[in-house]
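See structure below.
Number of protein chains: 2
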Amino acid sequence: MELSERKLQILHAIVADFIYSAEPVGSRTLSRKYDMGISPATIRNEMSDLEDMGYLSHPHTSAGRIPSDKAYRLYVDQMMKDYQIPEAEKTIIAEKLTQNVRELERTVHYAATLLSEITNLASFAITPNRTENTLKYVNLLPVDERTVVLMIVGQDGKVSSANIRLEHDYTTENLELMSRVLTHNYKGKTINNILTLDIVKAFENDMYAIHDFAQRIAPDFLDTLERMLTVDLYMEGLSNIFSIPEYNDIDKARCFIEMVQKKQQFTEVLVNRENGLIITIGSENAEAYMKDCSLITADYRIDGRLVGKIGVIGPTRMKYGEITSVLKYMSDNISQTFQLKGEKKDE
Amino acid sequence: MELSERKLQILHAIVADFIYSAEPVGSRTLSRKYDMGISPATIRNEMSDLEDMGYLSHPHTSAGRIPSDKAYRLYVDQMMKDYQIPEAEKTIIAEKLTQNVRELERTVHYAATLLSEITNLASFAITPNRTENTLKYVNLLPVDERTVVLMIVGQDGKVSSANIRLEHDYTTENLELMSRVLTHNYKGKTINNILTLDIVKAFENDMYAIHDFAQRIAPDFLDTLERMLTVDLYMEGLSNIFSIPEYNDIDKARCFIEMVQKKQQFTEVLVNRENGLIITIGSENAEAYMKDCSLITADYRIDGRLVGKIGVIGPTRMKYGEITSVLKYMSDNISQTFQLKGEKKDE
DNA sequence: TGTTAGCACTCACCCATAAAGAGTGCTAAC
DNA sequence: GTTAGCACTCTTTATGGGTGAGTGCTAACA
Chain A
490 MELSERKLQI LHAIVADFIY SAEPVGSRTL SRKYDMGISP ATIRNEMSDL EDMGYLSHPH
550 TSAGRIPSDK AYRLYVDQMM KDYQIPEAEK TIIAEKLTQN VRELERTVHY AATLLSEITN
610 LASFAITPNR TENTLKYVNL LPVDERTVVL MIVGQDGKVS SANIRLEHDY TTENLELMSR
670 VLTHNYKGKT INNILTLDIV KAFENDMYAI HDFAQRIAPD FLDTLERMLT VDLYMEGLSN
730 IFSIPEYNDI DKARCFIEMV QKKQQFTEVL VNRENGLIIT IGSENAEAYM KDCSLITADY
790 RIDGRLVGKI GVIGPTRMKY GEITSVLKYM SDNISQTFQL KGEKKDE
Chain H
490 MELSERKLQI LHAIVADFIY SAEPVGSRTL SRKYDMGISP ATIRNEMSDL EDMGYLSHPH
550 TSAGRIPSDK AYRLYVDQMM KDYQIPEAEK TIIAEKLTQN VRELERTVHY AATLLSEITN
610 LASFAITPNR TENTLKYVNL LPVDERTVVL MIVGQDGKVS SANIRLEHDY TTENLELMSR
670 VLTHNYKGKT INNILTLDIV KAFENDMYAI HDFAQRIAPD FLDTLERMLT VDLYMEGLSN
730 IFSIPEYNDI DKARCFIEMV QKKQQFTEVL VNRENGLIIT IGSENAEAYM KDCSLITADY
790 RIDGRLVGKI GVIGPTRMKY GEITSVLKYM SDNISQTFQL KGEKKDE
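Protein sequence lines, in the order shown, are assigned to chains A and H. Using the working numbering, the final residue of the first sequence is 836, and nothing's skipped along the way. Using the working numbering, the final residue of the second sequence is 836, and nothing's skipped along the way.
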């Protein structure tokens, strides 16, 4: 059954009203607030139809209607008006995001903070997965008699390091030789690729001269490489959710906090999520514990390739229009900032 | 006025009971539960005295007594029994903390997680402030035509790095020269010390040959040094607080989450806090927003010098005995792990 | 003089009941 | 097809009584 123009209009009004008020919307309120030339009774009939079609639901007999996930989906896809971010706000975002572009991690973390401040929701960001990044250098540096620092630098400038405590003394020559051999052997290979190799075996073959030393370094080398792939999760504005009526119930609030505090689980959800501006509403989320939430994510790119994500999480009733605009603007800004790399420094 | 033996006994019973039940303790309950050979009426008289002395308070006329901060202080100082950590738990802690000792950050973060699991409270840990750490190397490595990686290694193996985007091309010779000059000039100086110097000026004087290049690197050098001093804060078990009756009130929970989410503020409190096993109870906390909380912290040491902290935060009603024991055991474990450095690797 | 029993009193909490208010669903009339 | 009217439902808020745990005071007791 197709939705009539009037049904759409009513549904739009209900969703829009509910997003702001968080109160079930009644027919009387609707006809009073939005002058659409029909009586409450007519609206009631239409509402009843919309309920049958799965767009609305009833908390109880004598309450107004609230939109279902399906209604939000329709709203997001077809009815939502484009939100124009005020120029002043745009300027602030752009300035704050570009004034300190040295470190991707810091910029992204800061973006998450900014996002939570603007949207008054809990926000998050993850750094890109660098599996396709290639190795540029390996360095072993002496620290004290029994300690060395292992340092791996990627093609994109990402650095991963580890302290290694050795059982026996080493010589500076050994370190230098190792650094050179390792760099020579793995330079240009992707991190992911190197991780699939049998490093311990390779170390034995390539460096028989410093055999037992190499063997001792091997696990740390793998560990350090693996940590180059670590996706960092930044979570901000957690306490914002307490201002949201949906979380006035202590149990709901608890569930929410527990959900987002399981960082590993949450990171995985984000990593596996499609790229682009993605909105998942309530039951559209595959994860059972997110059935009451909506998640909006956008991606940002570095040099047009490596992809990280930034987004917000909150109740299904959220200001989809405003949030998507802000999110898109911010992610574009980050991408632009990190695309200029090597071409122009500032301005 | 001195507290009689009997008063102490009664106070102890009230505090111990309240810590477990979270319910105001009445005279009748007390005389029934703890057989101390006196009638409820007598207990009432004593309680009344204790209230006058500031050890107890009354939520309302017809409720039992609850301990004041002063009572908790007395309890912690004089009455609390030593809690014996079960051997099984000790083993678990020791094993889990020592099985992956490569990275201080990771060990400390993991310790915080473990602590929150054991105590069922919110826990935290900060890494040491490395102001007294000395510089060991500076390295500038080429990444692409206009990007270099600046890397600073400290005496303790801590690494701090930054991506630097240059406006003009550079030569590998320039990078190597700069690395050597910088290392030569600052090696052995404390990070704190270097930060007080006028680096831009020094760069101009020492490296007139590569003057404008040096000038461009200077701010990044300072920034990277500064980040060597960053104290990381790890916060775990946040959602545990929802199981605590004190935070059943949504506003209380909100305040708590807001408090600990202000990471910078919270880190500062921890950094400025005295070393050792420190317990601050409610109003003993200098910060107004912590007046309803107790904070227990212990420090851990690296190589006997650099000091980080680990601890828990929760309502004033907490199991001081158990928690201090566990906390002490864990912090000692971390210190030991990082003291063996250079002497023994495993075992 | 310290201890105890007794008793009136105070609250918080629970429960039932009542009234108000918002909103629905249905019916009949326009 | 639209609307007015009305009975009905259900939440919310207020009210009041009953119960139980606990106090504070007084008077009697050892």
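Here a beta-carbon is modelled for each residue, glycine too, at the ideal position from N, C-alpha and C. Since the structure is predicted, the reported quantities are computational estimates derived from the model, not experimental observations.
Chain A contact for residue i (CB, 8 Å cutoff)
i, result
"H:Q750", "yes"
"H:S605", "no"
"H:Y626", "yes"
"H:M640", "yes"
"H:D721", "no"
"H:I739", "yes"
"H:V597", "no"
"H:E836", "Per-residue confidence for H:E836 stands at a pLDDT of 34, beneath the threshold of 50, marking its modelled position as unreliable; the derived number appears in the next sentence. H:E836 does not count as touching chain A."
"H:T518", "no"
"H:F731", "yes"
"H:D712", "yes"
"H:D709", "yes"
Whole-angstrom C-beta distance between residue j and residue i, which should lie under 8 Å
i, j, result
"H:V632", "H:S668", "Rounded, the Cβ-Cβ distance is 14 Å, inconsistent with contact."
"A:K625", "A:V638", "That pair is no contact at about 17 Å."
"H:N822", "H:N729", "So it is not a contact: roughly 22 Å between Cβ atoms."
"A:R562", "A:I503", "No, A:R562 and A:I503 are not in contact; Cβ-Cβ is about 14 Å, not under 8 Å."
"A:A600", "A:M819", "6 Å"
"A:T620", "A:I688", "At roughly 16 Å, the Cβ-Cβ gap does not stay under 8 Å, so A:T620 and A:I688 are not in contact."
"A:G810", "A:Y572", "4 Å"
"A:V597", "A:A614", "5 Å"
"H:L593", "H:F827", "7 Å"
"H:L664", "H:L629", "4 Å"
"A:V796", "A:I607", "About 23 Å separates the two Cβ atoms, so there is no contact after all."
Proximity test, Cβ basis, 8 Å: residue i and chain H
i, result
"A:G831", "Low confidence applies here, because A:G831 scores a pLDDT of 43, under 50, leaving its location unreliable and the question unanswered by this model."
"A:G646", "yes"
"A:I503", "no"
"A:R533", "no"
"A:F827", "no"
"A:R743", "yes"
"A:I582", "no"
"A:F692", "no"
"A:E592", "yes"
"A:S824", "no"
"A:T636", "yes"
"A:N652", "yes"
"A:V632", "yes"
"A:S728", "yes"
Residue i, enclosing beta strand (DSSP E) - first and last residue
i, result
"A:M724", "L722 to E725"
"A:A651", "V648 to R654"
"H:I730", "H:I730 -> no beta strand (DSSP E), and no H or E assigned at all."
"A:T769", "I767 to I770"
"H:A614", "A611 to I615"
Where the alpha helix (DSSP H) containing residue i begins and where it ends
i, result
"H:R495", "E494 to S510"
"A:A530", "P529 to D541"
"H:Y809", "Y809 to T826"
"A:D740", "I739 to Q750"
"H:L586", "E576 to T587"
"H:T679", "Premise fails: H:T679 is in no alpha helix (DSSP H) and is neither H nor E."
"A:R619", "No alpha helix (DSSP H) contains A:R619, which DSSP labels as neither H nor E."
"A:A600", "L593 to T608"
Counterpart residues of residue i in DSSP-defined beta bridges
i, result
"A:Y626", "A:V642"
"H:R790", "H:V796"
"H:V514", "H:R554"
"A:G803", "A:S783"
"A:S546", "A:I555"
"H:V637", "H:P631 and H:I653"
Heavy atom of the ligand NAD within 7 Å of residue i beta-carbon
i, result
"A:A530", "This structure lacks the ligand NAD; in fact it carries no ligand of any kind."
(message) Give me the subset of the region 745-779 of chain H whose CB atoms are less than 7 Å from a CB atom of chain A, sorted by chain position.
(response) I746, E747 and Q750
(message) Closer than 9 Å between beta carbons: that is the criterion. Which residues of the region 522-556 of chain H meet it against chain A?
(response) none
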